[in-house]
Every structure is written in C-alpha cells, then in structure tokens.
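Before any comments, here is the structure.
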Amino acid sequence: DDSKLEQLKAQGFARLAIANEPPYTAVAADGKVSGAAPDVAREIFKRLGVADVAASISEYGAMIPGLQAGRFDVVTAGLFMKPERCAAVAYSEPVLCDAEAMLVKKGNPKGFKSYEDVAKDTTATIGAPGGGTEEKLALNAGVPRDRVIVVPDGQSGVKMLQDGRIDAYSLPVLSINDLVKKANDPNLEVIAPVQGAPVYCDGAAFKKGDEALRDAFDVELAKMKKSGEFAKIIEPYGFSAAAAMSTSRDKLCAAK
Amino acid sequence: MIKIDSISKSFGSFKVLDGLSMQVMPGEKLALIGPSGSGKTTILRILMTLERIDGGHIQIDGEQLYHMERNGQLLPADERHLTRMRQKIGMVFQLFNLFPHKCVMDNVTLAPMLTKGTPRAAAERRAMELLEMVGMADKAKNMPAQLSGGQKQRVAIARALALSPKIMLFDEVTSALDPELVEEVMNVMRKLAAETDMTMLLVTHEMGFAHDFADRVLFFDRGRIVEEGKPDEIFRNPKQERTQGFLKKIIAAGHRV
Amino acid sequence: MIKIDSISKSFGSFKVLDGLSMQVMPGEKLALIGPSGSGKTTILRILMTLERIDGGHIQIDGEQLYHMERNGQLLPADERHLTRMRQKIGMVFQLFNLFPHKCVMDNVTLAPMLTKGTPRAAAERRAMELLEMVGMADKAKNMPAQLSGGQKQRVAIARALALSPKIMLFDEVTSALDPELVEEVMNVMRKLAAETDMTMLLVTHEMGFAHDFADRVLFFDRGRIVEEGKPDEIFRNPKQERTQGFLKKIIAAGHRV
Amino acid sequence: MEWDWNFVWEIMPTLIQGVKITILATLLGSVLAAIVGLGIALARRSPNKALSRTVGWAAEFIRGTPLLVQLYFIFYVLPDIGILLPPLVAGVIGLGLHYGTYTAEVYRAGIDNVPRGQWEAAKACNLSASQTWTHIIVPQAIPPMIPALANYFIAMFKETPLLSAITVLELMNQAKSVANTYYRYIEPITLVGAFFLVISLFSVVLLRWLERRYGKIER
Amino acid sequence: MTQWSGYFGLILQGALVTIELTLMGSVLALIMAFLAGMGRVSRFFALRWLATAYIEFFRGTSIFVQLFWAYFVLPFIGISLTPLQAGVLALGLNVGAYAAEVVRGAIQSIGREQYEACTALNLGRWQGMRHIILPQALLVMLPTFGNNAIELLKATAVVSLISLTDLTFQAQVVRAQTGNTLVPFTTILIIYFILALLISWGVRSLERRMARGLDGVRA
Ligand SMILES: Nc1ncnc2c1ncn2[C@@H]1O[C@H](COP(=O)(O)OP(=O)(O)OP(=O)(O)O)[C@@H](O)[C@H]1O
Ligand SMILES: Nc1ncnc2c1ncn2[C@@H]1O[C@H](COP(=O)(O)OP(=O)(O)OP(=O)(O)O)[C@@H](O)[C@H]1O
Ligand SMILES: [Mg+2]
Ligand SMILES: [Mg+2]
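Residue numbers (our numbering), protein chains in the order written: chain L, 1 to 256; chain H, 257 to 513; chain P, 514 to 770; chain G, 771 to 989; chain D, 990 to 1208.
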C-alpha cells in the first residue's frame, strides 16, 4: 500500500536522518541542510509530491534504531549497504559510492596500507565512527576491540590524530578529504583507497514495511539517473554518478 | 464539664498516665502543678487531641471525646467527630506557635474564617475586640517576628479565644518569656479568668500565679494526682510529703509562692 | 585585679558599650544584673576575648589584655599574647557548650593536657577531684548527651576550673535549666564562692542567687553602670529609679529577692 | 521488536566490562573530588581575599556549567596547550573537578554546622587554633558530612555515561557499541538501566545506613 | 576567515532550545515534585508507595538511560514522542524525583508545633497544609529548587544525544563546520554560566520577596 507516501504528502515533509559529515551530509552556518544525500532525497521527494524535507542530525549508531522506532522516515547519511544492514532496513538503489580512506600523520610513520596492517601492529590504535562501516572493517580485519576507538565525530577524530591519541582515523575518502581541507594541517596524510576494503555505496534507508515508499523512490531515482540530473546534483560534491549506476542494491546486499 | 475516667497513656514502654481520673466543673479555673515530667502537659495535649489515649474515657459536656456512639456501640472517634469536639476546646502553647508568615490579624482571623466560614469583615471585627482585650490592637498589622515574647503570647491567647471555645488550656504560657515580660501576660490571664465563665486549665511553674488564678489546684506526680484543694490550702498547708518537698525546692530556687 | 578603662563596643551601628569603666578586686565575687540586652553578656565575652573591643583598655593583674608592650609602644595583642592572658580566665556558658563527642572525663582533662601538657594520670586525678566537688564523679564515663541540664552545667563548671584560672566568668549558668535542676547548680556555685579566692563575675536573672553569691552587685542598663553596691543595699534599698523599676518588675514576675 | 533473552546473555560479558570501567571511574573520581573539595573549602575560608574570591568564582563557574562540555574541553582543547590526557584520566579529572565543587559545599556546611558555642568553649579552654580544629571541630564536623558525600558519590556514578563522549569505554559506551553492531537498542539500554538501578538501590540502602550511623550527633 | 556571525546565530538558536527545555522541564519537575513529595507524607499507604517507587526509580537510573528509553524504547509500546517531548519528559521526571525529596524534607522541617497549632485551631488536614505548612515550607524549598533548576539546565546538555538542537549540539555542529573546538565550546560554557547565574539570581530575589516580614526586625 502507498499509505505512507500519502501520509508524507499530507504532512508536507519527510523526516530525514543525517549525520553532518560533509560531503555526504552537511549543515550550513545558517542551519540549512545540504550535502549530496539529502539533496538527492529532497529532489526525489519533491517529485513524489512531498514538498519538503526536515532533517535531524543523529549519531550513526542511533540511525537504524531511530528508523525502526519511527523517529525518521528515511536515513540519507552515507549509510553503506551491507548484508546485515540490508536485513535491518529497506534500501533504495545505490546513491553515493565511495572507497575507504585512512588519515594518518605525514609520511605514514607506521606504514599502514590496510586494516590488517593496523591489526598487526600491536601498539596501533585506529579511530572510527561508532556503528560505522569502518569500525566493522577494522574489527573484521582482526584489530582488537580496545584498539578500535569509537570517535564521536570527524572533527574529534582529526583532533585525536593530531594529538597523537590515535594512529589512524578511517572514514570514506570524500569525508576524509573534506576534513583535511578544513583542518588545513600539512602534517596529515590521506591513504586512499585502503587496500582490501571494498568500494561501498549507500542508499536511502527506509523502515522495513515501507517498501512501497522505497519502490516509488527508486522509480524517481532511476529516472534522474537516466536524465543526468542525478549526476548534476552529486558530482559537484565529488561523488561519481557512474559508480552508483554500475552496481545495484541486489549485488551490494549479497556481497560477502 | 470535663469528666476524665481512668485514662492511661504510654510513650513506648514508659507509662506517663496510669488510670487517671478527674473532673472539672463548668467555669472552673484549675491549676495543674507538679515536678517536671509528671504528665501535666500530657493531660492538656490529650484534651486537645494532640495525643491519643491508650485506655479509659473522656467526656466533655456529656459527649465522649475519643469515642462515638453508633447504634448503641462505642466506636473509636473518626476525624469528623474529633473536629466537632475540638470546637469546644482551645489551647495556648508554651512557645506561642504563631504562624510566622501571617500578620497578627491574620493569625487571629484565619481559623474562624476557615473552620466556621465567618465572613472576613465579621472575623476582623471580633479579632480587633480580642486584640484590644489583650492590649495588642495597635500591632494588628505586625508580623510575629516583630513582636516580643510577651506580645506573641498575648496574640496567641487572642487567637485561641477567637474560636470562642468553652474550655481553654494553657501550658506554661509564661515560662519561655524573659522575666520582665512575664507580668504582662499574667495580667491578661488574670483579667480573663475574672471576666469570663470559660473553663480553664492552667499548667505552670509559677506558684504565685497559680495561687492568684485558680479556684482549685491539683498537684501531680508521676501521672497521679497526689493532692488537690483550694490554692490557700495547697500552698500554705500541703498535707502530702511529696507536695511539701516540691514546694520547698521551688521556693529555694527563688520562686515566690 | 581587673581594670576596665573606658571600653567601647559596637555591633554594626549599634553601640552596646560606650566608655564603660569598672574594677574588680582580687577574690571579689561580683554579680552583674540588669535588663535584657543591657550588655552584661558582652562584658564577659570581651573579658574571655570572644569579642574584640573597639576602644579603651583592659588590664588584668597589671597586664594589658588586648594590647602588648613592645619597646615602650602599645601594640594590638597577637595570638600568643592572648593565649597567655587567657590562662588567667575561665568561662561557663549558659548552654554549657560541652564537647558532645567526648565523655565527661575527657571534657575536663582535654584542656589541661593540651594547653599545659599535664600528663594524663595527673589530669585525671585532678579532674576526679573537681568532679567530686560538683557531685559528678560517678558520671565520669558518661557522654554529655546522657546527662540532664543541671548535670551538664556542673561538668562545665568542673571543666572551666580544671585550668585553675584566677578569674571565673559565669553567664546565666542556670537560666537554661528546668526549675527543679536550678538548685543543684546554685549549690555548687555557692560552695565555690565560699571556698575559693578566685575572682568571680556572675551574670544572672535570679536576684536571690545574686544576693547570696555576690560581695558586690552592679546594675546595668544600656551598657552603663546605673548603680552599684552591696547586695543588701541594691536589693532592699535601690537608689536609682531605673533599678527600682527593674526590681519591681522582676518581683512581680514571681522571683524572690 | 521483541525482547530477546539470548541476545541479553550474549551481550552481558561486554556490558560487565563496561560496568568495571564505570565503577573504576567513579571511585577515582570520588577520591579526587574529596581532595579537590577540601582544597576549595580551605581556599574559600582563607583570609586572603584574592584567593578566596578567585577560587569561589571558579567553583561557581564549574558548578554552573555542564560536565559534558567540560569534558570536551579537557579532552579536546587542553592538548592545544600541550596537556594530553588519556581518556580515562581526562574523565576522572572532569568528574573530580566538577564534583569537587559540590563536596566543597558539604565541607563548608559541615564546619558551619558545628555550633558557635563549640568554638567559644574551645577558646575558653585556651586551645590553640590547630588544637581546636583537630580535637573539637573536625571530629564533630565529619560524621554529618558522610551521608552527603555518599550522595554525591552516587550522583557521580550516574553521570559516568558522559565519559563516552571522550571515548572512555564505560557501560553506556559499551551498550551503544553493542547496539550499533546489532541494530538493537532495547536490550542494551534496558540492561544499562537495570545495572544502574541495582547499583543505586544498593547504594541507597548503604546511604540510609550511613545516615542512621553518622547523620546525627547527640548533644 | 569563517562566518562567525552565522555560526553565532546557530548557537543562539541552540540557546533558545536549551532555555525552552529548561523552562518546560522545570515546570514538569515542579509538578512532579509536589505530587510525589506530598505523596511521600500522605496518610495512605498506596500513595506513599507509589511516590517512593517513582522517586527511587528516577533517582536510581541515570538520566541517560531515561532519555534513551523515552526516545528509543517508548515508541515500541506505541508512544512516539518528538525529541523535545522526550527531552522534557526525561529531564522533568528525573529532576522532579530529586525535587520531590526537597518538598518532603521541607514539609517535615516545619516544626511539629505548627501542625499542633493547626489542630488546636481545628483546621482540617488540607486547610492546615494549604494555609500554614506549605507557605512556610515553600521558603525552605526555594534555595534547593534553585539548585535543582541549575542541575536541570546542565542536564539539558545531554539531550544532544537524542538529536535535539540545543546549545551543546550546536556547538558540535559549529565545530564540525569550522574545525575549531575552542571558540564554540568557550562560548557555550559562558552562555551556560550566564543562564545559571540568571536562575540563582531569580530564585534569590523570589526568596527575598517571600521572606519579607518573616525575619523582620523587632519593632
Ligand atoms: N512524645 C513523647 N515521646 C516520649 N516521651 C514523652 C513524649 N512526650 C512526653 N514524654 C514523656 O512523658 C513524661 C511526661 O511528660 P509531660 O510533658 O506531660 O510532663 P510535664 O509534667 O508537662 O513536665 P514539664 O513540667 O517538664 O513540662 C515525661 O517523662 C516525658 O519525657
Ligand atoms: N553578635 C552580635 N551581633 C549583633 N548584636 C549583638 C551581638 N551580640 C549581642 N548583640 C546585641 O548587643 C546587646 C547587648 O547584648 P548582651 O548579650 O550583652 O545583653 P545581655 O545584657 O546579656 O542580655 P540578656 O539578659 O538578654 O542575656 C543586645 O541588644 C544584643 O542584641
Ligand atoms: Mg510540660
Ligand atoms: Mg546575656
């Protein structure tokens, strides 16, 4: 049934969960929400007849529970598709794709190339957002729990790296680039992409049960991809439209 | 008329009153004297229903105080019965117990307005009369904190009188006052005793005052009446050894009889 | 000998003492009487150095209390000077001020052991003598909370005596006691007055007691000495109107003279 | 979403790890708060007006602003002036400073509650200032303080979740990390609540006992 | 270099949310405090029990747990609150539990003699409470209420965890946008402190107004 969409139309806006992690999601000085993911969602909802979006910033870890608890209608925050997540939410087709990167001190003193390198160095610590893809990649690569530091936000991650509290800070490439640009610190170096880490794509994540809404979203998304409007929105932020169009939800959700 | 019939009262394991009986005639002025801890205050507090009794009966004007009759049975009194009985009784405390957040006038008018529904104008008129009687009319707008101890006590007396009780209880109403202020309160009370036909029970350590005030004096010790009689008899010519000893000590301590 | 020379003392803008002078002879027993607020307590507290004076001089046995001489100059006293002077003076308070966390014996021995370095055994022997004198020897191991008011006050007297001061100050030592307990403390003090040659200053509202106790009585009003003389003169035949009025009121309030 | 007991047992060991850190932080924070409080209380009594005023205002400031923000400050701003603290140390310092301003008030009240007559009696007994403090004032001031101090101890315990903001892996942080891994919030958060409730109820019993034992001094 | 004025506007918006939360939370806390505080001294066992359960539960579990519960768990039993509602609910109920004990303490601090005077004047239980006990108890409660309000103000900082855009949250946003930690956090520390000062100043002047006459100089 499409009652959810009707509901949103009547309400006049859709509630987005975002993360304030440029370029995926951002809040401008005037409080206006931007970033590639919300911009795409705003446009698609407009086409679906939902006039506006209202975004609230949330921790990554709180997004899926919040979606399940009915706090948001959709998560548009660079939440990469992975099999477990596909089981927990209903994803749209891919929107933003990115590889993983690591931020380290200039010259990469510990010589990290992959998460496994971090695991091997018994004194190394790596920072990652709690509940994010990077945390799981690091844990899966064998970095013990107490060496994966849960960092509340990107800014804290950069700060902790600068202060020597962590040896590497891992986020998607574009996020890291944005942080480095802001930090304006010549003593930092970006390693991208991290070897062995897959390229991930996010999608708009809906609550299980809202598949009808998700399907309607997909229809408009496909039209925009075809017309080139999609590329026009995301490429200024540094994302590649071709990457998103070369893969699909089914592939990403099945990937091991 | 008050009839107390073999009442008993304990605090924990300590028995303060044990089968005490006594009577007070209508309009009588009675003084209770005796050593510290003998149970004088306890009797007044029981009459004011501030303490419950453990056994025995009290009748006021033929009505049970702590019991009520329902279908010929004597049941423990409920709050409604107590409220009705309390209308007959007023009490003045050693430490005045004025309401510190209300001015003198409000202290006196509060109870009549709340418990009897007296309109404010009437209550204030009556309060003014009473305050004049105790010589406090000019302080009607003062707060209690602005009064001396003697003045506070006179307001407390007016407050108790405002409900026009038939029985008034006074518990050491002068003993918390500076010596110089004692006299003004005693004067008010002497006047009160002479002018009204209220029944009055007075607990005091001031033997001279008890002598002037009372028609009859009861001497208490350990919750029992050791001796009773007219003031002259008791003070000039006590029969019991215990009474004699008590009066001797009090006199030695510098109190006048 | 105590020489008080035109001292003054204010609390905020309120002048309690204004150029007061008086002398006390060695061994003299002096009673200070007068209405509430007249400054009696303040004088004792100044002698005990619990309050500072604003002006004037006090000499005790020829030594300045609040000043010390250095190279012929009179400087404000420092803590060391005050400590030395305080050895001459002891004080008993209206509310006893026993140390509640120490037993009777420790209350009495604490100061000699700490301030004079008296060995424990000697301090306890002396304490026992003093406690016997005030009739409290059998309670030596009790805590203050287990004592009656009269007993507390007797311990407080023993505590003050334990330092063997030359001058003892007593501030209304019976006025916080139940009437029946007053006598026991008065008896101890009468004995003390008769037996020792300590200088004693007594503030009291008990005129009879002042009469028995004192060699000389000072009547105070508003920080000034209104009248002084032998007890018989002052109580039987006061010259000043203010004194007469005060005594009349006190007598009317039921106190014996 | 249903309550899942299997899941509860699965995550229990992780949460107990968190409880240990929480308790450690509370204990260390309490010791620090007790010491800092004493320092503040003494400084505020100091006759040196400049010292007592400055410390007074600083304490007011710390007490009037949120611990969370203070923790951010200690953890993320202090490194700029060369002070780099491990997360747990930064957390303990934050707790200790913040609650030190509260314990200082307890000390002050405890000392002020010793009746003036005791100071005067000590003077009449010719005791020196230090003798008065050690033999008369402190022994009477401390027992009534104990329940109040214990109260803040419990309050501090319940504020330790704030340390997750500076990456200390205490109970709340462990629970969140578990929740993030499995996308289930109900069990971990409820368990955290249960842990807090059990430990608090336990401490309340202890507190009542302390109150009975030390709350009143007989005079 | 950066558009500080714009960011400052963001922080001011956050301040408004913080003030809103503090005010609404205080109102709820006040209501709960009186309900539960008077419940604690009620004659009826059931009321006493209910009040005690409420107080011990909300004082026993941490504010964080309550917040997460209100936000993430309540929806599963069909109660979906906006972040603001969830924040006000958790803060109000939590601080209300502490303030309830203040109400109880204040009521019990009114001497027995005042209750006895009420009986002697034949006032009913509620009449005595309403006209005699509560007006006096209110004055006793006020200073502690002021402290409770400041505690509530500080506790609002944790609502940033449930994506309410309060002061602390906005400071985080500004930090993420500008890469500067010192400026936004110093700014909000000062704002928090000013708000705390406003509260204590307001309570103190209210107290002075209410105390007028009670301790007047003797005529
Ligand atoms: N609420 C109470 N709990 C326990 N014991 C009490 C209580 N009230 C009174 N008592 C005890 O009961 C006894 C009688 O007390 P009561 O106050 O009636 O004596 P009193 O004759 O008025 O003495 P006083 O002259 O000292 O006022 C005393 O021993 C007292 O300690
Ligand atoms: N610490 C103080 N601060 C302000 N005023 C004070 C202080 N101590 C005493 N006074 C005032 O000084 C005056 C004299 O007080 P003092 O205690 O010496 O009187 P007193 O003669 O002992 O009276 P009483 O017989 O009531 O004990 C009083 O008016 C009192 O209010
Ligand atoms: Mg009595
Ligand atoms: Mg005095």
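Note that beta-carbon positions come from the ideal geometry of N, C-alpha and C, so glycine has one too.
As the structure is a computational prediction, the values presented were derived from the model and not from experiment.
Supposed contact pair residue j and residue i - C-beta distance, whole angstroms, cut 8 angstroms
{"i": "residue 663 of chain P", "j": "residue 698 of chain P", "result": "5 angstroms"}
{"i": "residue 1022 of chain D", "j": "residue 1056 of chain D", "result": "With 8 angstroms as the limit, residue 1022 of chain D and residue 1056 of chain D do not qualify as a contact, their Cβ atoms being about 19 angstroms apart."}
{"i": "residue 1111 of chain D", "j": "residue 367 of chain H", "result": "7 angstroms"}
{"i": "residue 962 of chain G", "j": "residue 1054 of chain D", "result": "5 angstroms"}
{"i": "residue 38 of chain L", "j": "residue 8 of chain L", "result": "Residue 38 of chain L to residue 8 of chain L, Cβ: 15 angstroms. No contact."}
{"i": "residue 712 of chain P", "j": "residue 539 of chain P", "result": "6 angstroms"}
{"i": "residue 322 of chain H", "j": "residue 316 of chain H", "result": "With a Cβ gap of about 10 angstroms, residue 322 of chain H and residue 316 of chain H do not count as contacting."}
Member of the options whose CA lies at the smallest distance from the CA of residue i
{"i": "residue 1030 of chain D", "options": "D:1129, D:1161, D:1089", "result": "D:1089"}
{"i": "residue 541 of chain P", "options": "P:583, P:514, P:635", "result": "P:514"}
{"i": "residue 849 of chain G", "options": "L:177, L:161, L:106", "result": "L:161"}
{"i": "residue 621 of chain P", "options": "P:531, P:566, P:671", "result": "P:671"}
{"i": "residue 549 of chain P", "options": "P:732, P:608, P:597", "result": "P:732"}
{"i": "residue 170 of chain L", "options": "L:145, L:190, L:28", "result": "L:190"}
{"i": "residue 1176 of chain D", "options": "G:798, G:793, G:774, G:840", "result": "G:840"}
{"i": "residue 1128 of chain D", "options": "D:1037, D:1034, D:1141, D:1199", "result": "D:1199"}
{"i": "residue 527 of chain P", "options": "P:552, P:667, P:685, P:688", "result": "P:552"}
{"i": "residue 645 of chain P", "options": "P:588, P:764, P:705, P:580", "result": "P:705"}
{"i": "residue 49 of chain L", "options": "L:69, L:20, L:240, L:10", "result": "L:10"}
{"i": "residue 505 of chain H", "options": "P:531, P:607, P:700", "result": "P:700"}
{"i": "residue 477 of chain H", "options": "H:358, H:467, H:301, H:297", "result": "H:297"}
{"i": "residue 1144 of chain D", "options": "G:817, G:837, G:822", "result": "G:837"}
{"i": "residue 1001 of chain D", "options": "D:1188, D:1040, D:1184, D:1201", "result": "D:1184"}
9 angstroms Cβ cutoff met for residue i and residue j
{"i": "residue 74 of chain L", "j": "residue 26 of chain L", "result": "no"}
{"i": "residue 803 of chain G", "j": "residue 858 of chain G", "result": "no"}
{"i": "residue 425 of chain H", "j": "residue 348 of chain H", "result": "yes"}
{"i": "residue 417 of chain H", "j": "residue 386 of chain H", "result": "yes"}
{"i": "residue 356 of chain H", "j": "residue 412 of chain H", "result": "no"}
{"i": "residue 260 of chain H", "j": "residue 346 of chain H", "result": "no"}
{"i": "residue 1118 of chain D", "j": "residue 1092 of chain D", "result": "no"}
{"i": "residue 1165 of chain D", "j": "residue 1157 of chain D", "result": "no"}
{"i": "residue 174 of chain L", "j": "residue 115 of chain L", "result": "no"}
{"i": "residue 869 of chain G", "j": "residue 916 of chain G", "result": "no"}
{"i": "residue 54 of chain L", "j": "residue 104 of chain L", "result": "no"}
{"i": "residue 1265 of chain D", "j": "residue 1153 of chain D", "result": "Any property of residue 1265 of chain D remains undetermined from this structure, which presents chain D solely from 990 to 1208."}
#### Entry: Those runs of the beta strand (DSSP E) which lie wholly inside the region 289-327 of chain H and span at least 3 residues
311-316, 323-326
### Task
Just list the alpha helix (DSSP H) runs in the region 686-757 of chain P, keeping only unbroken ones of 4 residues or longer that don't cross its boundaries, in chain order.
692-708, 720-726, 744-749
### Task
Report yes or no: do the region 489-499 of chain H and the region 463-475 of chain H share at least 3 C-beta pairs separated by less than 8 angstroms?
yes
### Query
Going along the chain, which unbroken runs of the beta strand (DSSP E) with 3 or more residues stay wholly within the region 28-77 of chain L?
52-57
### Runs of beta strand (DSSP E) lying entirely within the region 351-431 of chain H, each at least 3 residues, in chain order
423-427
### Query
For the 8 angstroms Cβ check, are there 3 or more pairs between the region 648-656 of chain P and the region 919-927 of chain G?
no
### Query
Are three or more beta carbon pairs between the region 217-232 of chain L and the region 163-179 of chain L nearer than 8 angstroms?
no
### Message
My parser needs the alpha helix (DSSP H) runs of 4 or more residues fully inside the region 104-137 of chain L; what are they?
### Response
115-120
### Task
Specify whether the region 79-97 of chain L and the region 191-202 of chain L touch according to this definition: at least 3 beta carbon pairs, one from each stretch, less than 8 angstroms apart.
yes
### Query
Any chance the region 624-635 of chain P sits against the region 926-933 of chain G, with 3 or more Cβ pairs inside 8 angstroms?
With the cut-off at 8 angstroms, the region 624-635 of chain P and the region 926-933 of chain G do not touch.
### Query
Got a sec: which bits of the region 593-612 of chain P sit with their beta carbon under 7 angstroms from any beta carbon on chain B, in order along the chain?
In the structure shown, chain B does not exist; the protein chains are L, H, P, G and D.
### Three-pair Cβ contact test at 8 angstroms for the region 890-898 of chain G versus the region 830-838 of chain G
Because the criterion of three Cβ pairs below 8 angstroms is not met, the region 890-898 of chain G and the region 830-838 of chain G do not touch.
### Query
Using 8 angstroms as the threshold, is the region 933-953 of chain G in touch with the region 59-73 of chain L, meaning 3 or more CB pairs across them?
yes
### Task
State whether the region 992-1011 of chain D contacts the region 1096-1106 of chain D, with contact taken as three or more CB pairs (one from each stretch) at a distance under 8 angstroms.
no
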